[in-house]
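K.L.:
Just passing along the structure, written as structure tokens.
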Amino acid sequence: MRFTNVHSVPIDRFKDMIDRASVLRDVVDSDESVELVLDGSTVANLFFEPSTRTRLSFDLAAQRLGARVLTYDPSSSSALKGESLRDTVLTVEAVGADILVVRHGHVGVPDEIAGWTGCSVINAGDGVGQHPTQTLLDMVTIKRHFGQLDGVRMAVVGDVSHSRVANGLIDIAPELGIKLTLVGPDEWLPEEPSVPATSEIGDVLGQVEVLYLLRVQTERGGEISNQFITRFGIDRGRVGHLNDDAMIMHPGPINRGVEITGDIADGPRSLILEQVRNATPARMAVLEGTRS
Ligand code: NCD
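Under this note's numbering, the residues of the sequence shown are numbered 14 to 305, in order.
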């Protein structure tokens, strides 16, 4: 099984994963046990880029399903002795991994790896490519909060062009009925966006249920500037223009005082930690999918 982008599985299967993840969220919250469908399996986390919530939640998701977990650390591995990525992957498979969770700085690496190995491969973020399990947990978060996806209006704000998170949303949210608008400086918007786009945050504030903020991706060319903060930063003043039921999301890690002020990130409009709470169940749903 390959879950390397949001379209690796048919749309109906993706929808089923959203609902399964929501069921698993309730199970996790009540600390009930789940069927250990990965009992006897080994999941290897291969993270070549930093991560906190994605790696920890994959780790916990695999453990909750009964898997053994191997965590590969590139900073202390034979990659430093010149071992190729392919040899590393074949080694991890030979050691006994059945499922590889891959984060890498270059687009397409999870797919490339899937071509080398018989293991299931799950993309945990490939450069500016996609971050499909983040997209899944975001959909779970919206559906649980608003009761549905169809018709929900959502603006994705900020460093769109450097964001794999934005790419996953752009690729699947409209198919799920979400009305998506992109917002950001012209130079950070796609040249030919497949959904409406604007460089004026004021165009969307009173028009959406979800304001989805993106981290400025300084490691991929995004630049934090006072101009960006003034034009797009979400603070109390801008929140005052939101509809009463509108909520704020962000995949994390947040830059406090850049995309969002600390009081708003910690306030009642924020679903940011709710997204993190849905991370383990969403990744459990994907890991379960490797067995069907
Ligand atoms: C995102 C990532 O690494 O793509 N973080 C995450 O996984 N929650 C987003 C980001 O780093 O901006």
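No residue lacks a Cβ here, since even glycine has one placed at the ideal position from N, Cα and C.
Pick helix, strand or coil for residue 30, following the three-state DSSP scheme.
P.N.:
Along the sequence shown, one-based indexing puts residue 30 at 17. Three-state result, residue 30: helix.
K.L.:
Classify residue 133: buried if its beta carbon has 16 or more other beta carbons within 10 angstroms, exposed otherwise.
P.N.:
By one-based count along the sequence shown, residue 133 stands at place 120. Answer is buried; the Cβ neighbour count reaches 16.
K.L.:
Do the segment 193–201 and the segment 133–150 make contact, defined as three or more Cβ pairs closer than 8 Å?
P.N.:
No contact exists between the segment 193–201 and the segment 133–150.
K.L.:
Would you mind giving the Cβ-Cβ distance between residue 152 and residue 189, rounded to the nearest angstrom? I have them listed as a contact below 8 Å.
P.N.:
Position 139 of the sequence shown, counted from the start, is the residue given in the question as residue 152. Position 176 of the sequence shown, counted from the start, is the residue given in the question as residue 189. Their Cβ separation, rounded to whole angstroms, is 6 Å, which keeps residue 152 and residue 189 in contact under 8 Å.
K.L.:
Among all the DSSP beta bridges, which residues are the ones paired with residue 192?
P.N.:
Numbered from its first residue, the sequence shown carries residue 192 at position 179. Answer is 166, bridged to residue 192.
K.L.:
Is residue 178 near the ligand NCD, going by C-beta to nearest heavy atom under 7 Å?
P.N.:
Residue numbering aside, residue 178 sits at position 165 when the sequence shown is read from its first letter. Residue 178: yes, Cβ under 7 Å from the ligand NCD.
K.L.:
Who does residue 112 pair with in a DSSP beta bridge?
P.N.:
Working through the sequence shown from its first residue, we reach residue 112 at position 99. Partner(s): 56 and 133.
K.L.:
Residue 55 and residue 15 - do their beta-carbons sit closer together than 8 Å?
P.N.:
By 1-based counting over the sequence shown, the position of residue 15 is 2. By 1-based counting over the sequence shown, the position of residue 55 is 42. Their beta carbons are not under 8 Å apart, which means residue 15 does not touch residue 55 by this criterion.
K.L.:
When we look at the beta-carbon of residue 108 and count the other beta-carbons within 10 Å, is it buried (16 or more) or exposed?
P.N.:
Along the sequence shown, read from residue 1 onward, the residue named residue 108 stands at position 95. The residue is exposed, with fewer than 16 neighbouring Cβ atoms inside 10 Å.
K.L.:
For the pair the segment 172–179 and the segment 224–242, tell me if three or more CB-CB distances fall below 8 Å.
P.N.:
In short, these stretches touch, since the Cβ pair count reaches three.
K.L.:
Following a CB-centred definition, is residue 144 positioned closer than 7 Å to any heavy atom of the ligand NCD?
P.N.:
The residue you call residue 144 lines up with position 131 of the sequence shown. Checking every heavy atom of the ligand NCD against the Cβ of residue 144, one is found closer than 7 Å.
K.L.:
Drop a sphere of 10 angstroms on the beta-carbon of residue 305, count the other beta-carbons inside from all chains shown, and report buried for 16 or more, exposed for fewer.
P.N.:
In the sequence shown, the residue the question calls residue 305 occupies position 292. It counts as exposed.
K.L.:
For residue 83 and residue 110, I'd like the C-alpha separation in whole angstroms.
P.N.:
To locate residue 83, count along the sequence shown from 1; it is residue 70. To locate residue 110, count along the sequence shown from 1; it is residue 97. So the two alpha carbons sit approximately 8 Å from each other.
K.L.:
Does the separation of the CB atoms of residue 247 and residue 224 fall below 8 Å?
P.N.:
If you number the sequence shown from 1, residue 247 lands on position 234. If you number the sequence shown from 1, residue 224 lands on position 211. Yes.
K.L.:
Flag residue 64 as yes when its Cβ comes closer than 7 Å to any non-hydrogen atom of the ligand NCD, and as no otherwise.
P.N.:
As a working mapping, residue 64 is identified with position 51 in the sequence shown. The answer is yes for residue 64.
K.L.:
Measuring alpha carbon to alpha carbon, tell me which of 52, 283, 96 and 90 ends up nearest residue 222.
P.N.:
Counted from its first residue, the sequence shown places residue 222 at position 209. It is 283 whose Cα lies nearest to the Cα of residue 222.
K.L.:
Given a threshold of 16 other Cβ atoms within 10 Å of its Cβ, counted over all protein chains shown, does residue 235 qualify as buried or as exposed?
P.N.:
In the sequence shown, counting from the first residue as 1, residue 235 sits at position 222. Looking at its Cβ environment, which holds 16 or more other Cβ atoms inside 10 Å, residue 235 is buried.
K.L.:
For residue 230, verify whether its CB is less than 7 Å away from any heavy atom of the ligand NCD.
P.N.:
On the sequence shown, position 217 is the one that residue 230 refers to. Answer for residue 230: yes, Cβ within range of the ligand NCD.
K.L.:
When we look at the beta-carbon of residue 36 and count the other beta-carbons within 10 Å, is it buried (16 or more) or exposed?
P.N.:
Counting from 1 along the sequence shown, the entry for residue 36 is found at position 23. With fewer than 16 Cβ atoms within 10 Å of its Cβ, residue 36 is classed as exposed.
K.L.:
With a Cβ-Cβ cutoff of 8 Å, do residue 34 and residue 149 count as a contact?
P.N.:
Numbered from 1 along the sequence shown, position 21 holds the residue referred to as residue 34. Numbered from 1 along the sequence shown, position 136 holds the residue referred to as residue 149. Contact flag set, yes.
K.L.:
Residue 262 lies in the beta strand (DSSP E); which residues open and close that run?
P.N.:
On the sequence shown, residue 262 is found 249 positions in, with the first residue counted as 1. Taken as a continuous stretch (DSSP letters only), the beta strand (DSSP E) holding residue 262 covers 260–262.
K.L.:
Mind reading off the beta-carbon distance from residue 66 to residue 58? Whole number of angstroms is fine, and I expect it under 8 Å.
P.N.:
Translated into positions along the sequence shown, residue 66 becomes position 53. Translated into positions along the sequence shown, residue 58 becomes position 45. Rounded, the Cβ-Cβ distance is 13 Å, inconsistent with contact.
K.L.:
Determine whether the beta carbon atoms of residue 267 and residue 261 lie at a separation below 8 Å.
P.N.:
What you label residue 267 is simply residue 254 of the sequence shown in a count that begins at 1. What you label residue 261 is simply residue 248 of the sequence shown in a count that begins at 1. No; because the gap between Cβ atoms is not below 8 Å, this pair is not in contact.
K.L.:
Mind checking which residues open and close the beta strand (DSSP E) that includes residue 12?
P.N.:
The structure shown has nothing for residue 12, since the chain only spans 14 to 305.
K.L.:
What distance in whole Å lies between the Cβ atoms of residue 296 and residue 342, which are believed to be in contact at a cut-off of 8 Å?
P.N.:
Any property of residue 342 remains undetermined from this structure, which presents the chain solely from 14 to 305.
K.L.:
Let me know if residue 18 comes out buried or exposed under the rule of 16 or more other beta-carbons within 10 Å of its beta-carbon.
P.N.:
As a working mapping, residue 18 is identified with position 5 in the sequence shown. Buried, since its Cβ has 16 or more Cβ neighbours within 10 Å.
K.L.:
From residue 41 to residue 187, what distance separates their C-alpha atoms?
P.N.:
Taking the sequence shown and counting its residues from 1, the one referred to as residue 41 is at position 28. Taking the sequence shown and counting its residues from 1, the one referred to as residue 187 is at position 174. About 29 Å.
K.L.:
Is residue 147 near the ligand NCD, judged by its Cβ being under 7 Å from some heavy atom?
P.N.:
Translated into positions along the sequence shown, residue 147 becomes position 134. True, at least one ligand heavy atom lies under 7 Å from that Cβ.
K.L.:
Whole angstroms are fine: how far does the CA of residue 161 sit from the CA of residue 209?
P.N.:
If you number the sequence shown from 1, residue 209 lands on position 196. If you number the sequence shown from 1, residue 161 lands on position 148. Residue 209 and residue 161: Cα-Cα distance of roughly 21 Å.
K.L.:
Going by the beta-carbon positions, is the gap between residue 218 and residue 251 smaller than 8 Å?
P.N.:
For the purposes of this step, residue 218 is taken as residue 205 along the sequence shown, with counting starting at 1. For the purposes of this step, residue 251 is taken as residue 238 along the sequence shown, with counting starting at 1. Yes, Cβ-Cβ distance for residue 218 and residue 251 is below 8 Å.
K.L.:
Taking all protein chains shown into account, decide if residue 213 is buried (16 or more other Cβ within 10 angstroms of its Cβ) or exposed.
P.N.:
Against the sequence shown, residue 213 aligns to sequence position 200. Counting Cβ neighbours within 10 Å, residue 213 comes out exposed, since fewer than 16 surround it.
K.L.:
Does the beta carbon of residue 234 fall short of 7 Å from some heavy atom of the ligand NCD?
P.N.:
For the purposes of this step, residue 234 is taken as the residue at position 221 of the sequence shown. No, the Cβ of residue 234 stays beyond 7 Å of every heavy atom of the ligand NCD.
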